[in-house]
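Numbering-wise, full-length UniProt numbering puts 11 at position 11 of the sequence shown, and it's gapless, one number per residue. For each residue, glycine too, the CB sits at the ideal point set by N, CA and C. Keep in mind the model is a prediction, meaning the values are calculated, not measured.
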Amino acid sequence: DQGNDFFPATSMQIANIQAGTGSNNVIPGELFVQFNFRFSTELTDEMIKAQVLALLEKHQLRYTVDWWLSGQPFLTARGKLVDAVVNAVEH
């Protein structure tokens with residue numbers, strides 16, 4: 001996605017990668033990756049899941065994915081609360 005007036009385009013961050021024993025002459029049997037997506041209101045978490053799973057399937061990888069959603073992106077309509085926060089930030 002390209003984002004919108006309120007959010008940048010979706011981005012993926014790799015938080016952690018682990019594989020192998022630390023030895024340089026052993027091919028690791030598995031790879032552990034923690035990643036997260038910062039996404040706008042242009043996508044849903046279900047759309048992101050579908051794209052990730054399609055990519056893993058396309059490359060015929062054996063995988064296990066555990067999903068954890070920390071929160072949905074949202075927009076708050078203008079009103080008293082938003083106006084008060086804007087005023088406080090400006091001053």
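Legend entry - Backbone secondary structure at L81 - three-state DSSP: Mapped onto the sequence shown, residue 81 falls at position 81. Correct three-state label for L81: helix.
Legend entry - For Q34, the three-state DSSP class (helix, strand or coil): What you label residue 34 is simply residue 34 of the sequence shown in a count that begins at 1. Three-state DSSP puts Q34 in a strand.
Inset, instruction - Work out the CA separation of L55 and T21 for me, nearest whole Å. - result: The residue labelled residue 21 in the question sits at position 21 within the sequence shown. The residue labelled residue 55 in the question sits at position 55 within the sequence shown. Approximately 27 Å between the Cα atoms of the pair.
Inset, instruction - Kindly indicate which three-state DSSP category A9 falls into: helix, strand or coil? - result: If you number the sequence shown from 1, residue 9 lands on position 9. Looking at A9 - three-state DSSP - the assignment turns out to be coil, as it is neither helix nor strand.
Legend entry - Contact test: L43 Cβ vs the ligand MN heavy atom, cutoff 7 Å: No copy of the ligand MN occurs in the structure displayed, which carries no ligand at all.
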